[in-house]
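Numbering of the sequence shown is given in our numbering, commencing with residue -17 and proceeding in unit increments.
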Amino acid sequence: MILLLSVFYYFYFSIVGIYVIFLPKVLSGVGYSASEIGIVFAAAPLIRFILPFLFIKGLQLNSKIFNAALVLVVVSAASFYLSLEHFYFLLLSNIALGVGLSLILPYVELISLDSIGKERYGKVRLFGSLGFIIVALVLVRFLSSAWVALDFLTVLTLVMTIVAYFVQRHSIKIAVKKEEIFHNDINLFKDYKLWLGLLLMQTSFGSFYNFFTIYETDRGISLDMTIYLWSFGVIVEVGMLFFQGRFLRANLLSVLQVTIFATIIRWFLVFAFPTTLGVLFFAQSLHALSFALFHSAAISYLFFHYKHKSLAQQFFSGITYGLGGLLGALVAGFVYEYFASYLFLSSSFIALAAFCMISWYKKEQASLA
-17 MILLLSVFYY FYFSIVGIYV IFLPKVLSGV GYSASEIGIV FAAAPLIRFI LPFLFIKGLQ
43 LNSKIFNAAL VLVVVSAASF YLSLEHFYFL LLSNIALGVG LSLILPYVEL ISLDSIGKER
103 YGKVRLFGSL GFIIVALVLV RFLSSAWVAL DFLTVLTLVM TIVAYFVQRH SIKIAVKKEE
163 IFHNDINLFK DYKLWLGLLL MQTSFGSFYN FFTIYETDRG ISLDMTIYLW SFGVIVEVGM
223 LFFQGRFLRA NLLSVLQVTI FATIIRWFLV FAFPTTLGVL FFAQSLHALS FALFHSAAIS
283 YLFFHYKHKS LAQQFFSGIT YGLGGLLGAL VAGFVYEYFA SYLFLSSSFI ALAAFCMISW
343 YKKEQASLA
C-alpha cells in the first residue's frame, strides 16, 4: 500500500505541477487576458467548494463515485485539445477536471491517514512533491507550444487514474465504511474561526498559484529561472515532508500559527523584492512551512477533531482549495490586471487575516479545555 500511495501522489501532483506552473502561461500565450485566466482558474474551485455539501445530503464518497471521478478526469484532460482556443468550452473542461480531482484526492488522503498514520504520511506525500518538481524541470525543456503541455497533461492523467484505481482496489480498509454509524458532527458555523482561517490562508495563495510565473517573467526573470524558483520551493517542501513527523506531535494549532506567520513574511518578500534572486529563493524556502507543514497539520487536526473523517477531508479540500482557490484566483486576476505591483502585498494581508482567525480559534479552544 505504501508503494501504491507513493506512486499515486507522484503522478497526481505531476498533474498539479502542469496545471499550476504552465497552464496560466499557456493561456496567456494563446491570448487570454489576466481576468479571463482568473475566471478559468476560479471555476473549478467553485465546484470543488459545492461538492461537500452534496455529501451532507446523503451522497456517499464510495468506490463507485471514486471510479466515476477517474473516468471524468481522463475525459476532461483530453478535452483540452478541443477547447483550448474557445473560452467557454475551456471553462467546461476545467470545471470537469476540477470536479474529478477534488473527489479523488480526499478519498486517497483518507486511506493514507487511516492506513499509515500522520507521522508517516509525509514520507509518502513527499513523492507528490517530487512529481511536481520533476515535471517542472522536464516540461520546461520541451514546452515549444501549448500542445506539448496538453500532451503531458493527458498522459500523466491517464497514468494517475490507473494507479489510483489500484490504490482503491488494494486498500485493506476504507474509513468511509466505518463512518456510516456517525452523524455529521461538522458544524461550519460553530467552528467558523477555524474554517475561515483555513479559507483565508489558501486564498492568499491565489497570487502564487495563478500568477507567479507570469509575475516574475513580466519583470525580467527568465522562464528557466522562474522554474528553478518553483523547483527550489518544492525541494524544501520534500525535506519538510520527510522530517515533519516530530512537528506534528506538537500542538497542531500552534503549528498552524507558525506556518501562517511564515506565509505572511513570504508574500511580503516577493512583493518587496520581485527581482532579487537571493530574496526570492529565501521566500521560496518558506514553502516548507507555508505549504508542506501547513497542509499536513491542517488535515491531521481535522482528522482527529471530527468523527466524520471523510467529510472533514472533503470540506478541507472544498473550502480551502475550492472556495479559497476560487477567491484567490479572482482576487489575484483583478489585482494583477489593475494593480500588478501590489499583487503579493495583497496576499500578505490576506494571510495576516488568516493568522488572526486561527489565533482567535486557538484561544477559544484553550478556554474550553
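Glycine included, C-beta positions come from ideal geometry on N, C-alpha and C. What you are looking at is a predicted structure, and each value in this text was computed from that prediction instead of being measured.
Problem set entry | Classification of L79 by the beta-carbon crowding that lies within 10 angstroms, buried from 16 upward | buried
Problem set entry | Three-state secondary structure (DSSP) of E67 | coil
Exercise. In terms of alpha-carbon separation, which member of Y324, S272, A26 lies closest to P256?
Worked result: Y324
Exercise. How should N169 be labelled, buried or exposed, when 16 other C-beta atoms within 10 angstroms of its C-beta is the threshold for buried?
Worked result: exposed
Exercise. Are V220 and L138 close, meaning C-beta to C-beta below 8 Å?
Worked result: no
Exercise. Three or more beta-carbon pairs under 8 Å between the segment 216 to 231 and the segment 270 to 280, yes or no?
Worked result: yes
Problem set entry | CB of R30 within 8 Å of CB of G300, strictly | yes
Exercise. In or out: T241 buried (at least 16 other Cβ within 10 Å) or exposed?
Worked result: buried
Problem set entry | Alpha-carbon to alpha-carbon, H68 and F(-7) | 28 Å
Exercise. Expressed to the nearest angstrom, what Euclidean distance is found between the alpha-carbon atoms of I(-16) and L92?
Worked result: 13 Å
Exercise. Hey, how far is the Cα of F263 from the Cα of I38?
Worked result: 43 Å
Problem set entry | Straight-line gap, I116 to F286 (C-alpha atoms, nearest Å) | 33 Å
For this session: Identify, in the order they occur along the chain, each residue of the same chain with its Cβ nearer than 8 Å to the Cβ of M339, setting aside the five sequence neighbours on each side.
Result: K175, L176, L178, G179, L182
Exercise. Exposed or buried, H152, counting other C-beta atoms within 10 Å across all chains shown (16 or more means buried)?
Worked result: exposed
Exercise. Does DSSP put T139 in a helix, in a strand, or in coil?
Worked result: helix
Problem set entry | Of the listed residues Y320, S(-12), L43, F194, nearest to L5 (C-alpha basis) | F194
Exercise. Cα-Cα, which of K345, T143, L259, V218 is closest to L(-14)?
Worked result: T143
For this session: Specify the secondary structure class of L170 as computed by DSSP and reduced to three states.
Result: coil
Problem set entry | H290: CB within 7 Å of a non-hydrogen atom of the ligand PLP | The model on display carries no ligand, and the ligand PLP is accordingly not part of it.
Exercise. Do you know offhand how far K46's Cα is from A335's?
Worked result: 39 Å
Exercise. In the structure shown, what three-state DSSP assignment does S153 receive?
Worked result: coil
Exercise. Just curious, the alpha helix (DSSP H) that N192 is in, first and last residue?
Worked result: 188 to 200
Exercise. Are the beta-carbon atoms belonging to S213 and L119 less than 8 Å from one another?
Worked result: yes
For this session: Let me know the secondary structure DSSP gives Q42 once reduced to three states.
Result: coil
Exercise. CB-CB under 6 Å to F326, same chain, minus the five flanking residues each way: which ones, in chain order?
Worked result: S189, W249, V252, F253
Exercise. For S359 versus G304, is the C-beta distance shorter than 8 Å?
Worked result: The structure shown does not extend to residue 359, since the chain is modelled only from -17 through 351, so no value can be given for it.
Problem set entry | Y(-9) to M207 span [Cα, whole Å] | 26 Å
Exercise. If we ignore side chains and look at the alpha-carbon of each, how far apart do L284 and V90 end up?
Worked result: 15 Å
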